[in-house]
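Heads up: the sequence lines are chains S and A, in that order. Sequential numbering from 1 applies to the first sequence in our numbering. Sequential numbering from 429 applies to the second sequence in our numbering. Note that the Cβ used here is the ideal one computed from N, Cα and C, for glycine as well. See structure below.
2 protein chains.
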Amino acid sequence: MQRTLVEDLSAHCGEQVLVKGWLERIRELSTVTFLILRDRTGTVQIAADPKLYAELKLSTESVVEVLGRVHSEPRAKAGFEVAADKITVLSRAENLPIQINGPVLNVPLELALDNRVLSLRHRLINPIFRIQAALVHGFQTFLSREGFVQVFTPKIVASGTEGGTELFPLQYFEEKAFLCQSPQFYKQMMVGAGYERVYEVGHVYRAEKHATSRHLNEYVSLDLEMGFIEDEHEIMALENRLLAFMFSYTAERCAKELHILDVEVPSVPAAIPKIALDDALALLTEKYGKQAAGQDLDPEGERLLSEHIKETTGSEFVFVTDYPWEKRPMYTMPKGTGLTRSFDLLFRGLEITTGGQRIHTHDLLVENIRKKGLDPDAFSSYIENFAWGMPPHGGLAIGLERLTAQLLGLANVREASLFPRDRFRLTP
Amino acid sequence: MQRTLVEDLSAHCGEQVLVKGWLERIRELSTVTFLILRDRTGTVQIAADPKLYAELKLSTESVVEVLGRVHSEPRAKAGFEVAADKITVLSRAENLPIQINGPVLNVPLELALDNRVLSLRHRLINPIFRIQAALVHGFQTFLSREGFVQVFTPKIVASGTEGGTELFPLQYFEEKAFLCQSPQFYKQMMVGAGYERVYEVGHVYRAEKHATSRHLNEYVSLDLEMGFIEDEHEIMALENRLLAFMFSYTAERCAKELHILDVEVPSVPAAIPKIALDDALALLTEKYGKQAAGQDLDPEGERLLSEHIKETTGSEFVFVTDYPWEKRPMYTMPKGTGLTRSFDLLFRGLEITTGGQRIHTHDLLVENIRKKGLDPDAFSSYIENFAWGMPPHGGLAIGLERLTAQLLGLANVREASLFPRDRFRLTP
Chain S
1 MQRTLVEDLS
11 AHCGEQVLVK
21 GWLERIRELS
31 TVTFLILRDR
41 TGTVQIAADP
51 KLYAELKLST
61 ESVVEVLGRV
71 HSEPRAKAGF
81 EVAADKITVL
91 SRAENLPIQI
101 NGPVLNVPLE
111 LALDNRVLSL
121 RHRLINPIFR
131 IQAALVHGFQ
141 TFLSREGFVQ
151 VFTPKIVASG
161 TEGGTELFPL
171 QYFEEKAFLC
181 QSPQFYKQMM
191 VGAGYERVYE
201 VGHVYRAEKH
211 ATSRHLNEYV
221 SLDLEMGFIE
231 DEHEIMALEN
241 RLLAFMFSYT
251 AERCAKELHI
261 LDVEVPSVPA
271 AIPKIALDDA
281 LALLTEKYGK
291 QAAGQDLDPE
301 GERLLSEHIK
311 ETTGSEFVFV
321 TDYPWEKRPM
331 YTMPKGTGLT
341 RSFDLLFRGL
351 EITTGGQRIH
361 THDLLVENIR
371 KKGLDPDAFS
381 SYIENFAWGM
391 PPHGGLAIGL
401 ERLTAQLLGL
411 ANVREASLFP
421 RDRFRLTP
Chain A
429 MQRTLVEDLS
439 AHCGEQVLVK
449 GWLERIRELS
459 TVTFLILRDR
469 TGTVQIAADP
479 KLYAELKLST
489 ESVVEVLGRV
499 HSEPRAKAGF
509 EVAADKITVL
519 SRAENLPIQI
529 NGPVLNVPLE
539 LALDNRVLSL
549 RHRLINPIFR
559 IQAALVHGFQ
569 TFLSREGFVQ
579 VFTPKIVASG
589 TEGGTELFPL
599 QYFEEKAFLC
609 QSPQFYKQMM
619 VGAGYERVYE
629 VGHVYRAEKH
639 ATSRHLNEYV
649 SLDLEMGFIE
659 DEHEIMALEN
669 RLLAFMFSYT
679 AERCAKELHI
689 LDVEVPSVPA
699 AIPKIALDDA
709 LALLTEKYGK
719 QAAGQDLDPE
729 GERLLSEHIK
739 ETTGSEFVFV
749 TDYPWEKRPM
759 YTMPKGTGLT
769 RSFDLLFRGL
779 EITTGGQRIH
789 THDLLVENIR
799 KKGLDPDAFS
809 SYIENFAWGM
819 PPHGGLAIGL
829 ERLTAQLLGL
839 ANVREASLFP
849 RDRFRLTP
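Here it is as structure tokens:
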């Protein structure tokens, strides 16, 4: 007999069905045993004869299939239940290290991550990664429609994009190699290879030693790069439309999950506000008495600036533009005196994107690398491409876990990673 | 002025347009200079006054923008050309190490890979990765519609899936780690985490020392896993529908690219033929006089079997089933005496998929691991999940570069990787 998913049961009232899933709850009364069965689409109440159930001796989270009849039952949450004729055990569960059938998962994050397969079953955790998947598929769908080509570039590299710091070293046969900290060089090269518009969804690696709620050592980067742009504002305009699409795509496909998590998907304004970094720093000093810690926003600065923009424009997003030359990598296009054609995007007080226009001419690139105190020879297999015809171009990267965490109001970015890799965590 | 893409020019006859791209060819006659300009959508002939062109002193592959007027010109390939009013240089090219404007790219593969950004511009190479992107997007689209959740699982792991062989070692802060050779464990865990159906598109790493035309040390694996299956035939049925979708999706979106490469997308039969491995080996001996080299198909065996199936059924695909227990990893579901519920899929003479049903009960898994001579303790963070309720499940993995190479008739799988990592190649 064909399986019926829980979400389809209401169309089968009065019929015999086969349902399959995990036993989320077991309540034994004298005349009936109630089982709550959970599958990937929801939960349903099963009413079983105590004798039918007793001989099975099941624990919660065991996997079963139940042959039974759907009948209306006003006291059940859904208005119907399944009266069991036969229960077959597919896989027994026992000695669960954490209980996951409460209204909230009441265990420390480390324990939840240690027992990830269990904690992911919890009703408030499972939806996180369905929503994350929708965000990614929205990213891929929008960009494919806009003529972008999805690429897969290597994660084992001979050198870093920013000069060898914060890299995980790796033995590649006889050679020393590193894990890629960004597909930056490769996506630029793909623009130059004639694709003009490319995107990549892939892991990147940062060997940063600090353990914060905002950092992961392995994370998913949503990268894009496009050629023949006028300036960095074209990249921001694209991101504006991209985010609007991703959020409406997710709202449409994950209505149930967003409802369970009580999350409102933000409306993306037609033109996300922009503010130059210098103006932002001056504003923070003036309005909040905050002294700038160097020429950059610290986490508190990001929060306050977002607060100010929300108050004054209603937008939960803000582009911070015109970062100083000192703060940006060597491939960033300079602008005027001491600035660059680069930007960050803050969403609800956290930076989720870095982007900008890149240098596209060979001599300027070499000069900029030297000014940064780096050796052009160390980047020769990147630089040489700029002597072979490279269009003006730019792009951006969105940190997937950060985007997810901010959207869902998660306190720690590791909650938005299935199996986070951080300073002290390498398993499961 | 807004840029017009080459593919849209025919709708602008008689109008002024701005086109942007690379100079693929330059032909200087006494009264006119012809330039072939290439953008991501195609090529167009530009007719320029020799004086306008001469002062620019351009080499092929320089990036320019041309302001001009579209007018009909029967002698041009497209039936029209652009008469240039103004040519602006965006980025000069010089000293190209390889010439890429010939009808075929007449350089050895190593040289093409050394100069990848250039070789990718070639008319017969550029389409490969547009087609590959369509295959991937087809994979993602089909599975999302079928209720699969896209997941991202770690590539830095504490141990291998098959017992520690062929792994790239890595220093992860104080700990020794490895690059993941397959998302196998994680995708199974995601089924058990309640998602039931998951897929992943990501890199996997094999530290195999042999350099062949069929192997890469870093490649893209299209992985899926699904729960609540009856047996391995359900996985094969899904792959059958999946491939049909991926190929028709690609044929529709890449008609131009497939035409350029003169490739016919195969029709996927409603039911791809199946043959048990033992029967396949017997058939090869009987029909081709081929002696089996152990209980497996070697490359020649794969070719001959595909040839036989094509002759007798017309199918370019064949599932080889019932692999012996010795040949399959410890997580494979046993079947009868000495066999397993596993399969390979051959496409045009090459294995592009391995799949099967997995063990889903704790005790059988532990027993099987022991029988393989492995230590269950080495896999504890995997095995423990099987005591917490795991549905019957199975899945498969498709090697993206192999699939692409077989579809397009490429002789070497490295031609289907943007930046291959192989025994001796770590750059670009």
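Query raised in the report: What does a CB cutoff of less than 7 Å around A/Gln834 pick up in its chain, not counting 5 residues either side in sequence?
Result: Phe775, Arg776, Leu778 and Ile780
Report task. Can you pull the chain A residues whose beta carbon is under 8 Å from the beta carbon of S/Pro183, in chain order? Result -> The premise fails here: S/Pro183 is roughly 10 Å from chain A at the closest Cβ pair, so nothing lies under 8 Å.
**Report entry** Three-state secondary structure (DSSP) of A/Asp707
**Finding:** helix
Query - Residue burial classification, A/Pro819 (beta-carbon count within 10 angstroms, cutoff 16) - result: buried
Query raised in the report: If you measure beta-carbon to beta-carbon, which residues of the region 339 to 369 of chain S are closer than 9 Å to chain A?
Result: His360, Thr361 and His362
Query raised in the report: Quick one, are the C-beta atoms of A/Glu628 and A/Thr569 less than 8 Å apart?
Result: no
Query - Three CB pairs or more closer than 8 Å across the region 613 to 629 of chain A and the region 525 to 544 of chain A - result: no
**Report entry** From S/Arg145, S/Lys287 and S/Asn217, residue whose alpha carbon lies closest to that of S/Thr312
**Finding:** S/Lys287
Report task. Could you please give the first and the last residue of the uninterrupted alpha helix (DSSP H) stretch that includes A/Phe613? Result -> Gln612 to Met618
Query raised in the report: Residues bridged to S/His203 by DSSP?
Result: S/Val220
Query - Beta-carbon neighbours of A/Lys583, restricted to chain S and to distances below 8 Å - result: Lys155, His203 and Glu218
Query - Length of the line joining the Cα atoms of S/Ser10 and S/Pro74 - result: 13 Å
Query raised in the report: Taking 8 Å as the CB-CB limit, is A/His687 close to chain S?
Result: no
Report task. For the alpha helix (DSSP H) containing A/Ser547, list its first residue and its last residue. Result -> Arg544 to Ser547
Query raised in the report: Taking Cβ positions, are S/Leu400 and S/Tyr219 nearer each other than 8 Å?
Result: yes
Query raised in the report: Along the region 618 to 630 of chain A, what residues have a CB closer than 8 Å to any CB found in chain S?
Result: Met618, Gly620, Ala621, Gly622, Tyr623, Glu624, Arg625, Val629 and Gly630
Query raised in the report: When DSSP labels each residue in this structure, what does S/Ile369 get in the three-state scheme?
Result: helix
**Report entry** Nearest-angstrom beta carbon gap, S/Glu225 and S/Gly395 [assumed within contact, 8 Å]
**Finding:** 3 Å
Query raised in the report: Is the CB-CB distance between A/His821 and A/Arg853 below 8 Å?
Result: no
Query raised in the report: What runs of the alpha helix (DSSP H), each 4 residues or longer, lie entirely inside the region 518 to 575 of chain A?
Result: 537 to 542, 544 to 547 and 554 to 573
Query raised in the report: For S/Ser59, which three-state DSSP category applies?
Result: coil
Query raised in the report: Mind listing which residues of the region 391 to 405 of chain S have their C-beta closer than 7 Å to chain A's C-betas, in chain order?
Result: Pro391 and Pro392
Query raised in the report: Mind pulling the chain A residues with CB within less than 9 Å of S/Pro169?
Result: Leu598 and Gln599
**Report entry** Minimum C-alpha distance to S/Arg130 - residue among S/Val17, S/Thr427, S/Asp422 and S/Ser417
**Finding:** S/Ser417
Query raised in the report: At a Cβ threshold of 8 Å, is S/Thr165 touching chain A?
Result: no
Query - Host beta strand (DSSP E) of A/His821 (start-end) - result: His821 to Gly827
**Report entry** With 16 other Cβ atoms within 10 Å as the buried cut-off, status of A/Arg830
**Finding:** buried
Query raised in the report: Can you list, in chain order, the stretches of the beta strand (DSSP E) that have 3 or more residues and sit fully within the region 737 to 817 of chain A?
Result: 745 to 749, 770 to 775 and 778 to 786
Query raised in the report: From S/Thr285 to S/Phe343, what distance separates their C-alpha atoms?
Result: 21 Å
Query raised in the report: How many Å lie between A/Leu425 and S/Glu232 at the Cα?
Result: Only positions 429 to 856 of chain A appear in the structure, and residue 425 of chain A is not among them; the question remains open.
Report task. Compare the C-beta of S/Arg241 with all C-beta atoms of chain A and state if any pair is closer than 8 Å. Result -> no
Query - Test: A/Gly470 CB closer than 8 Å to a CB of chain S - result: no
Requested in this report: Per DSSP, which residues does A/His643 bridge with? Please list them.
Outcome: In DSSP, A/His643 forms no bridge with anything.
**Report entry** Under 9 Å (Cβ pairs) to chain S, residues found in the region 740 to 763 of chain A
**Finding:** none
Report task. Answer yes or no: does any C-beta atom of chain A fall closer than 8 Å to that of S/Asn385? Result -> yes
Query raised in the report: In chain order, what residues of the same chain have a beta carbon less than 6 Å from the beta carbon of S/Ile46, not counting five sequence neighbours either side?
Result: Leu35, Leu37, Val66, Val82 and Ala84
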